[in-house]
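*Asks:*
Structure (structure tokens):
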């Protein structure tokens, strides 16, 4: 989706992907390399900095947990300010900008100022995670639907759980790795079977993924401990059962080797 470009400044919302610079789209790279101003977020591979033009003005505006380099209002104002001055601005976001990236708020500020813009899609951590784990979000006859949830705030808003009763598809939860126990409890309360597999995937897209597979019932009792400082994503549903089967097979082989000794 894009608006018509004029002689005035222009804003390109570039989706940086889940981390590594080689998962950035070619179109996104071209916009970065020709930018006058770049406002970039956290969770990006340091190699992104090598793409930034030497003459460009670079501002870090990332937000992680309670650490915010800039408020959202400040970011909106900066976009308008630079574009109004005739600059070619890149707003570089992690993952895909349209998924929990507060894109709508930034677009609204540009539309109110009548500033042209474009949105360049990117690779989402939602699909990157399952790709690295070797499973699929959808499986014919098993999972035909996908729900993407914001684990950071969903426990505070009961409306977000409406319609999830006995959901049979795959649930992907971003920003919920510190609340695995509470999330599992709520999903079971909503009718999701306790035997349903759940996996916490960390550092997806970075070449060294970590994952911990369990069931909702077990997670509701003990949670799933986070093993790294990197971002994590939760997947819930029968589509990821192959991971649980691999774990059980591995454990079985381990026991057999012990008995053999």
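Numbering (the UniProt record's numbering), first residue to last: 1 to 261.
Just so it is clear, CB atoms sit at the ideal spot from N, CA and C, and this is done for glycine as well.
Looking at C-beta atoms only, is the number of pairs between the region 145-154 and the region 194-206 that lie closer than 8 Å three or more?
*Replies:* no
*Asks:* Which runs of the alpha helix (DSSP H) spanning at least 4 residues fall entirely within the region 143-210, listed in chain order?
*Replies:* 180-189
*Asks:* Just how far apart, CA to CA, sit residue 30 and residue 12?
*Replies:* 11 Å
*Asks:* Hey, quick one: how far does the beta strand (DSSP E) through residue 118 stretch, first residue to last?
*Replies:* 117-120
*Asks:* Any idea if residue 18 is buried or exposed, counting beta-carbon neighbours within 10 angstroms, 16 or more meaning buried?
*Replies:* buried
*Asks:* For residue 74, which residues from the same chain have a beta carbon less than 8 Å from its beta carbon, with the 5 sequence-adjacent residues on both sides left out?
*Replies:* 61
*Asks:* Within 10 angstroms of its Cβ, does residue 231 collect 16 or more other Cβ (buried), or is it exposed?
*Replies:* So residue 231 counts as buried.
*Asks:* Between which two residues does the alpha helix (DSSP H) harbouring residue 88 extend?
*Replies:* Segment 88-93 is the beta strand (DSSP E) holding residue 88; no alpha helix (DSSP H) there.
*Asks:* Indicate the three-state DSSP secondary structure (helix, strand or coil) for residue 75 in the structure shown.
*Replies:* helix
*Asks:* Can you give the Cα-Cα distance for residue 242 and residue 9, rounded to whole angstroms?
*Replies:* 50 Å
*Asks:* Say whether chain D places a C-beta atom closer than 9 Å to the C-beta of residue 114.
*Replies:* Although the question refers to chain D, the structure presented lacks it and comprises just one protein chain.
*Asks:* Residue 191 and residue 183: beta carbons closer than 9 Å?
*Replies:* No.
*Asks:* Which whole runs of the beta strand (DSSP E) in the region 18-54 are 3 residues long or more, in chain order?
*Replies:* 37-40
*Asks:* Check whether the Cβ atoms of residue 214 and residue 123 sit closer than 9 Å, and answer yes or no.
*Replies:* No.
*Asks:* Give the secondary structure of residue 12 by DSSP, where H, G and I count as helix, E and B as strand, and everything else as coil.
*Replies:* The three-state secondary structure of residue 12, taken from DSSP, is strand.
*Asks:* I'd like to confirm the pairing. Which residues does DSSP put opposite residue 139 in its beta bridges?
*Replies:* 143
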